[in-house]
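Colleague: Positions in the sequence shown are counted from 1; adding 8 to them yields this note's numbering.
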Amino acid sequence: MDFQKFCSSSVLSRRNFLRSASVASAAVALPSFAHAQAAAAQAAASGGSPRPRRNPDDWEIPREAPGTVIISSNENPLGPSASALAAITKYAPTGGRYDREHSGATLKVISEEFGLKKGYVRLYPGSGGPLDLALMSNIGPDKPLVHGDPTYEQGPRAAVTMKAKAIPVALDKKTWKYDVKGMLAAHPSPGAYYIVNPNNPTGTITPKEDIVWLVNNKPAGSVVIVDEAYHHFSNQESVIDLVAQDKDVIVLRTFSKIYGMAGIRAGFAFGRPDLLAKFETITASDRQIGSISLVSAAAAHASLTDKDLVPLRRKINRDTLDDTLAFLEKHNYKYIPGAQANMFMVDVNRPGREVQAAMLQEKVAIGRVWPALPTYVRVTVGTPSEMKSFQTAFLKVMSGPSEPTAAHLEMLDHIPHELYRA
Ligand code: PLP
């Protein structure tokens with residue numbers, strides 16, 4: 009099965025997938041670890057990722073044991089700020105009316121911050137929706153997508169949907185930054201280049217000058233899509249100024265990460281008005297996807313104008329990340345250096361899924377494995393106490409062979425992850 013078929017088959021729910029004729033023979037019993045490994049190997053062979061599915065609409069999915077520490081979805085354990093919560097409480101009673109105030113006020117604040125003219129930024133319920141629109145409105149059967157490897161799966165998935173070729177370009181193995189020269193050389197006329205900065209899953213940074221170089225050297229007719237979902241955790245400069253300069257650049261930002269509003273849903277797409285207008289070639293009207301709730305917009309506005317929030321949370325994340333990396337070093341575990349986000353990747357020297365399942369048995373849900381780095385697992389930075397639970401469980405799991413139960417292996421497909429509804 010190639011990546012495209014693998015992806016389209018996993019659009020089905022797990023139960024439907026199991027019922028489908030193509031896997032009928034494997035569906036007699038719960039899928040074995042060997043089966044899961046085979047699927048991962050198939051996907052890996054074709055450059056794709058195994059596709060964990062967790063449809064939050066499905067009330068029958070198995071849940072992790074009560075009390076399990078969830079550090080698998082790059083969420084923020086601190087949740088919304090006090091200022092966001094106060095705004096939600098204050099404005100929820102006005103929610104019987106359509107919003108006439110908060111979205112506009114939020115767009116004004118962010119436009120002023122980056123010197124953007126009107127019409128260069130839109131507010132959405134999260135950034136995943138507009139990310140799809142940015143990708144899909146620029147790629148297609150004759151317009152490939154060039155992306156990093158490993159990267160956030162939404163890029164290659166959009167390529168599957170649009171029947172566009174997805175061209176993975178490995179991250180630089182010394183610095184773990186995007187290889188922008190390799191990306192440029194990968195195809196003479198792609199529709200889009202997708203850069204996640206800091207990258208998900210490695211948490212590593214691509215210097216701004218590399219992105220500027222790609223923007224200045226890329227072929228005409230293509231766009232550079234920069235996903236800054238984790239930007240606030242880093243000490244890097246944004247590339248939103250390239251949007252203000254009318255370059256072929258679309259930038260995505262979210263309130264799901266440092267602002268702790270993953271379930272509340274708010275995010276931005278920045279781009280030249282003509283690039284944003286192209287979104288409507290994918291969705292009939294921005295209103296369908298872009299209709300952010302009044303309370304989410306009010307919470308977004310309160311978060312943006314809370315000047316202490318980002319520096320404080322960046323420091324909290326950095327301190328906990330540094331403590332955890334010091335723990336890994338003390339015990340001689342190899343990890344990908346240079347992470348500047350709320351995640352890191354550690355080498356477990358065996359198939360990552362085994363460790364993921366064994367950790368779940370210890371009631372710690374850690375993140376998934378990418379085919380490009382099959383012995384690494386991604387771990388989200390939780391609270392200090394959650395990371396203590398991680399350390400205890402990790403030492404136990406790593407001290408012997410992982411022998412996860414079939415039930416825990418089955419649960420891997422249901423571990424919470426950030427590809428929410430994707
Ligand atoms: N982009 C990246 C790199 C992500 O990791 C995520 C979610 O984790 C998203 C986009 C989408 O996030 P949301 O839709 O919650 O804004």
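We treat Cβ as the ideally placed atom computed from N, Cα and C, and that holds for glycine.
Small disclaimer: the values here were computed from a predicted structure and weren't measured.
Could you name the residues of the same chain whose beta carbon sits closer than 6 Å to that of A310, not counting the 5 residues immediately before and after it, in chain order?
Modeller: Here residue 310 corresponds to residue number 302 of the sequence shown, with the count starting at 1. Result list for A310: S91, A92 and A95, in chain order.
Colleague: Would you list the one or two residues that DSSP bridges to D235?
Modeller: The residue you call residue 235 lines up with position 227 of the sequence shown. V204 and L260, per the DSSP bridge assignment.
Colleague: Here's the rule: buried if 16 or more other CB atoms are within 10 angstroms of the residue's CB, otherwise exposed. What is A349?
Modeller: Walking along the sequence shown from the start, residue 349 turns up at place 341. Classification of A349: buried, given that the 10 Å Cβ count is 16 or more.
Colleague: Anyone know if the C-beta pair for L179 and K185 falls short of 8 Å?
Modeller: Residue numbering aside, residue 179 sits at position 171 when the sequence shown is read from its first letter. Residue numbering aside, residue 185 sits at position 177 when the sequence shown is read from its first letter. Yes.
Colleague: Where does A47 sit, in a helix, a strand or coil, going by DSSP?
Modeller: Numbered from its first residue, the sequence shown carries residue 47 at position 39. Per-residue confidence for A47 stands at a pLDDT of 38, beneath the threshold of 50, marking its modelled position as unreliable; the derived number appears in the next sentence. The answer is helix: DSSP assigns A47 an H, G or I state.
Colleague: Cutting at 6 Å between CB atoms, please list the residues of its own chain near E426, excluding the five before and the five after it.
Modeller: Numbered from 1 along the sequence shown, position 418 holds the residue referred to as residue 426. Taken in chain order, the residues that qualify are S81 and N82.
Colleague: Which residues in the same chain as V117 place their Cβ atom closer than 8 Å to its Cβ, once the five residues preceding and following it in sequence are excluded?
Modeller: Residue 117 sits at position 109 when you count from the first residue of the sequence shown. Hits under 8 Å: H309, L312 and T313.
Colleague: Heavy atom of the ligand PLP less than 7 Å from the Cβ of Y160, yes or no?
Modeller: Sequence index remark: in the sequence shown, residue 160 carries index 152 (1-based). Yes, the ligand PLP has a heavy atom inside 7 Å of this Cβ.
Colleague: Just grab the DSSP bridge partners of R386 for me.
Modeller: As a working mapping, residue 386 is identified with position 378 in the sequence shown. Beta-bridge pairing links R386 to M353.
Colleague: Please name the residue, chosen from D235, K404, R321 and M191, that lies closest to L368 on a Cα-to-Cα basis.
Modeller: Here residue 368 corresponds to residue number 360 of the sequence shown, with the count starting at 1. Taking only the C-alpha atoms, the option nearest L368 is K404.
Colleague: To the nearest whole angstrom, what separates the beta carbons of K216 and E245, a pair I think is in contact under 8 Å?
Modeller: In the sequence shown, residue 216 corresponds to position 208, counting from 1. In the sequence shown, residue 245 corresponds to position 237, counting from 1. Correct: roughly 5 Å between the Cβ atoms.
Colleague: Count Cβ pairs between the region 162 to 176 and the region 112 to 129 that sit closer than 8 Å; are there 3 or more?
Modeller: The region 162 to 176, when compared against the region 112 to 129, does not touch it at the 8 Å Cβ threshold.
Colleague: List the DSSP bridge partners of R130.
Modeller: Within the sequence shown, residue 130 is the residue found at index 122, counting from 1. According to DSSP, which records beta bridges pairwise, R130 is partnered with A277.
Colleague: In this structure, what does DSSP give as the bridge partners for P74?
Modeller: As a working mapping, residue 74 is identified with position 66 in the sequence shown. BP columns for P74 are empty, so no partner.
Colleague: Would you mind sorting Y238 into buried or exposed? The rule is 16 or more other CB atoms within 10 Å of its CB.
Modeller: The sequence position of residue 238 within the sequence shown is 230, counting from 1. So Y238 counts as buried.
Colleague: Under 7 Å Cβ to Cβ from P412, same chain only, skipping five residues before and after it: list those, please.
Modeller: If you number the sequence shown from 1, residue 412 lands on position 404. Closer than 7 Å at Cβ, skipping near neighbours: E362, A365, A366 and Q369.
Colleague: Can you give, in chain order, each stretch of the alpha helix (DSSP H) that sits fully within the region 157 to 195 and has at least 4 residues?
Modeller: Those alpha helix (DSSP H) runs which fall completely within the region 157 to 195 and span 4+ residues are 162 to 169 and 188 to 194.
Colleague: Please list the segments of the alpha helix (DSSP H) lying wholly inside the region 312 to 379, counting only runs of 4 or more residues, in order along the chain.
Modeller: The qualifying runs are 317 to 338 and 360 to 369.
Colleague: Helix, strand or coil for H155 per DSSP?
Modeller: As a working mapping, residue 155 is identified with position 147 in the sequence shown. H155: strand per DSSP, three-state reduction.
Colleague: Note down the Cα distance separating L302 from Y99, rounded to an integer number of angstroms.
Modeller: Residue mapping note: residue 302 aligns to position 294 of the sequence shown, counting from 1. Residue mapping note: residue 99 aligns to position 91 of the sequence shown, counting from 1. Going from the Cα of L302 to the Cα of Y99 covers about 8 Å.
Colleague: Please classify I96: does DSSP put it in a helix, a strand, or coil?
Modeller: Here residue 96 refers to the residue found at position 88 of the sequence shown. The answer is helix: DSSP assigns I96 an H, G or I state.
Colleague: Any contact of the region 191 to 202 with the region 154 to 168, i.e. 3+ C-beta pairs under 8 Å?
Modeller: With the cut-off at 8 Å, the region 191 to 202 and the region 154 to 168 touch.
Colleague: In chain order, what residues of the same chain lie with their CB nearer than 6 Å to the CB of I233, ignoring the 5 residues before and after it?
Modeller: Walking along the sequence shown from the start, residue 233 turns up at place 225. Closer than 6 Å at Cβ, skipping near neighbours: A142, A200, Y202 and I258.
Colleague: According to DSSP, is I79 helix, strand or coil?
Modeller: Taking the sequence shown and counting its residues from 1, the one referred to as residue 79 is at position 71. In this structure, I79 counts as strand in the three-state DSSP scheme.
Colleague: Tell me the rounded alpha-carbon separation between D249 and A277.
Modeller: The residue you call residue 249 lines up with position 241 of the sequence shown. The residue you call residue 277 lines up with position 269 of the sequence shown. Whole-angstrom Cα-Cα distance: 13 Å.
Colleague: Can we count G136 as close to the ligand PLP, meaning its CB is less than 7 Å from some heavy atom?
Modeller: The sequence position of residue 136 within the sequence shown is 128, counting from 1. Yes - the ligand PLP has a heavy atom lying nearer than 7 Å to the Cβ of G136.
Colleague: Helix, strand or coil for L86 per DSSP?
Modeller: Position 78 of the sequence shown holds residue 86. DSSP places L86 in coil when its eight states are reduced to three.
Colleague: Do S230 and S264 have their beta-carbon atoms positioned less than 8 Å apart in this structure?
Modeller: Locating residue 264 in the sequence shown gives position 256, counting from the first residue. Locating residue 230 in the sequence shown gives position 222, counting from the first residue. No; because the gap between Cβ atoms is not below 8 Å, this pair is not in contact.
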